[in-house]
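So the structure is just underneath, and the comments pick up after that.
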Amino acid sequence: MDLSVSPHGPLRTDRPDLAAYLAADAVVDHDHPAIVALAAELRRADPVRTAEAVFEHVRDRIDHSADVGHWSAAYRASDVLAAGNAICHGKSHLLAALMRANGIPAGLCYQKLDVLHGLNGVLLPGSPWWVRLDGRGNRNGADGHFATTPAEERPAWANDPALGEHHYTTVYATPPRELLDGLRDGVPGSVGYGYLPLELPDRD
Numbered sequence: 001m002d003l004s005v006s007p008h009g010p011l012r013t014d015r016p017d018l019a020a021y022l023a024a025d026a027v028v029d030h031d032h033p034a035i036v037a038l039a040a041e042l043r044r045a046d047p048v049r050t051a052e053a054v055f056e057h058v059r060d061r062i063d064h065s066a067d068v069g070h071w072s073a074a075y076r077a078s079d080v081l082a083a084g085n086a087i088c089h090g091k092s093h094l095l096a097a098l099m100r101a102n103g104i105p106a107g108l109c110y111q112k113l114d115v116l117h118g119l120n121g122v123l124l125p126g127s128p129w130w131v132r133l134d135g136r137g138n139r140n141g142a143d144g145h146f147a148t149t150p151a152e153e154r155p156a157w158a159n160d161p162a163l164g165e166h167h168y169t170t171v172y173a174t175p176p177r178e179l180l181d182g183l184r185d186g187v188p189g190s191v192g193y194g195y196l197p198l199e200l201p202d203r204d
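Note that UniProt numbering gives residue 78 to position 78 of the sequence shown, counting from 1, and the numbers run on in steps of one.
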C-alpha cells in the first residue's frame with residue numbers, strides 16, 4: 001500500500017510558505033492565553049502523540065453544536081474554547097490553533113456534503129505528507145479518527161459521489177473569504193447552517 005495516497009484525494013497548500021500554517025491570526029488565534037495554556041497541557045514528549053492528544057481533545061471534549069443543541073456560533077478558536085461547543089468550522093479553527101501552538105503546521109480543509117463541512121490538514125512531525133484530520137465529534141453517525149498517513153485518513157463522513165459529495169484538495173492557511181463572511185453572520189442560539197455557503201466557489 002502506498003501510504004502517500006489518500007482515498008479522499010491529494011492535498012496541496014494554498015500558500016508556498018510553511019510559516020503561514022504556523023501563524024496566529026484573528027481566527028486561528030493561538031497566541032490567546034487560554035489556547036497557549038491548553039496547548040501546553042496537551043503537549044507530549046513525542047510530537048506525533050501531541051498531535052493525537054490535540055485531535056482527541058477537540059473531537060471528544062468540544063461539543064458539536066448540533067449534537068448538544070447549544071449553538072454558540074463561535075468560530076474564533078479562543079471563543080470556541082470558551083463556549084465549549086461550535087459547528088465543524090469552529091472546531092477546525094480550534095484544532096488548527098492548538099496544533100500551531102505546539103509547533104505543528106495545520107490548515108483548514110473542506111468537504112462538500114449537503115452542507116460545506118470543515119476539517120483540517122496537518123503536517124505531522126517527520127512526515128512529508130499533509131493528512132486530513134476531522135475533529136467534528138463522533139456522534140449522530142460521524143466516525144472520525146486520527147491518522148498519520150494519507151492512506152489512513154478517516155474523516156467523520158463518507159462521500160456519496162452520486163450526490164456530488166467530495167473532498168476539496170486545498171489546505172487553506174486561513175478560512176476562505178466566502179466562508180468567513182458566513183461565519184460572521186452566525187447568531188448565537190440560531191439553529192442550522194443557513195448562513196454558510198453550500199460549497200466553495202471553485203471545485204479544486
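From the three backbone atoms N, C-alpha and C, an ideal C-beta is built for every residue, glycine too. These numbers come from a predicted model, not from an experiment.
My assumption, with CB atoms under 8 Å, is that residue i sits in contact with residue j. Please give the rounded CB distance.
i     : j      : result
Lys91 : Gly126 : That belief does not hold up - the Cβ atoms of Lys91 and Gly126 are roughly 26 Å apart, past 8 Å.
Leu95 : Ala83  : Contact doesn't hold; Cβ gap of about 15 Å is too wide.
Pull the bridge partners of residue i from the DSSP assignment, please.
i           : result
His64       : Ala86
residue 224 : This structure cannot settle anything about residue 224, because the visible part of the chain is limited to 1 through 204.
Arg154      : His145
Lys112      : Leu116 and His166
Let me know the secondary structure DSSP gives residue i once reduced to three states.
i      : result
Val27  : coil
Arg203 : Since pLDDT at Arg203 reaches only 48, below the 50 mark, its modelled position is unreliable, and no value is offered.
Val5   : coil
Tyr21  : helix
Leu123 : strand
Arg177 : helix
Leu196 : coil
Leu11  : coil
Here's a check: name, in chain order, each residue in its chain whose Cβ is nearer than 8 Å to the Cβ of residue i, leaving out the five neighbours to either side.
i           : result
His145      : Arg154
Thr169      : Gly9, Pro10, Leu11, Arg12 and Asp204
residue 205 : Residue 205 cannot be examined here, being either before or after the span of the chain that is shown, 1 to 204.
With a threshold of 7 Å on Cβ separation, who are the neighbours of residue i within its own chain once the five nearest residues in sequence on each side are excluded?
i      : result
Ala101 : His30, Ile35, Val36 and Ala39
Trp129 : Ser4, Thr149 and Pro150
Val191 : Trp71
Leu18  : Pro105
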